[in-house]
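Asks: Sharing a structure with you now.
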Amino acid sequence: MVDAIDPTRKQKVEAQKQAEKLMKQIGVKNVKLSEYEMSIAAHLVDPLSMHVTWNDIAGLDEVITDLKDTVILPIRKKHLFQNSRLLQPPKGVLLYGPPGCGKTLIAIK
Numbered sequence: 000m001v002d003a004i005d006p007t008r009k010q011k012v013e014a015q016k017q018a019e020k021l022m023k024q025i026g027v028k029n030v031k032l033s034e035y036e037m038s039i040a041a042h043l044v045d046p047l048s049m050h051v052t053w054n055d056i057a058g059l060d061e062v063i064t065d066l067k068d069t070v071i072l073p074i075r076k077k078h079l080f081q082n083s084r085l086l087q088p089p090k091g092v093l094l095y096g097p098p099g100c101g102k103t104l105i106a107i108k
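See the structure below:
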């Protein structure tokens with residue numbers, strides 16, 4: 000009967016379950032979300048649940064090589080770079096570009 004009155008009830012219940020699951024994963028408890036917040040939370044994606052490899056990032060081979068050489072290698076092989084302050088890994092990396100160019104995939108990886 001309730002489904003006949005509100006045809007979007009199933010979607011709302013599913014969105015609520017999705018939002019509660021995500022909130023639990025990020026450690027947020029006892030928070031009451033509005034209907035609007037619930038619909039937004041249902042569309043969020045947990046970045047830790049994404050399994051991305053370097054091969055998934057297409058067209059950015061030069062950027063990936065530069066990142067591996069300047070950021071990842073000095074962190075993984077500290078003993079090779081400990082004698083020079085110029086070769087230390089950077090404290091941060093700024094990824095810039097238009098939407099959809101792969102910044103988030105690189106940051107996740």
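Counted the way numbering that gives the first Met the number 0 counts, the sequence shown spans residues 0 to 108. Virtual Cβ for every residue (Gly too), placed ideally from N, Cα, C.
Do you know offhand how far E36's Cα is from V30's?
Replies: The residue labelled residue 36 in the question sits at position 37 within the sequence shown. The residue labelled residue 30 in the question sits at position 31 within the sequence shown. For E36 and V30, the distance between alpha carbons rounds to 11 Å.
Asks: How long is the line joining the alpha carbons of L59 and L66, rounded to whole angstroms?
Replies: Translated into positions along the sequence shown, residue 59 becomes position 60. Translated into positions along the sequence shown, residue 66 becomes position 67. Computed Cα separation, rounded: 11 Å.
Asks: Could you please give the first and the last residue of the uninterrupted alpha helix (DSSP H) stretch that includes R8?
Replies: On the sequence shown, position 9 is the one that residue 8 refers to. Start and end: R8 to Q24.
Asks: Three or more C-beta pairs under 8 Å: does that hold for the segment 100 to 108 against the segment 42 to 59?
Replies: Judged by Cβ distances under 8 Å, the segment 100 to 108 makes contact with the segment 42 to 59, as three or more pairs qualify.
Asks: Whose C-alpha, out of P73, H42 and L86, is nearest the C-alpha of Q10?
Replies: In the sequence shown, the residue the question calls residue 10 occupies position 11. When each option's Cα is compared against that of Q10, the closest is H42.
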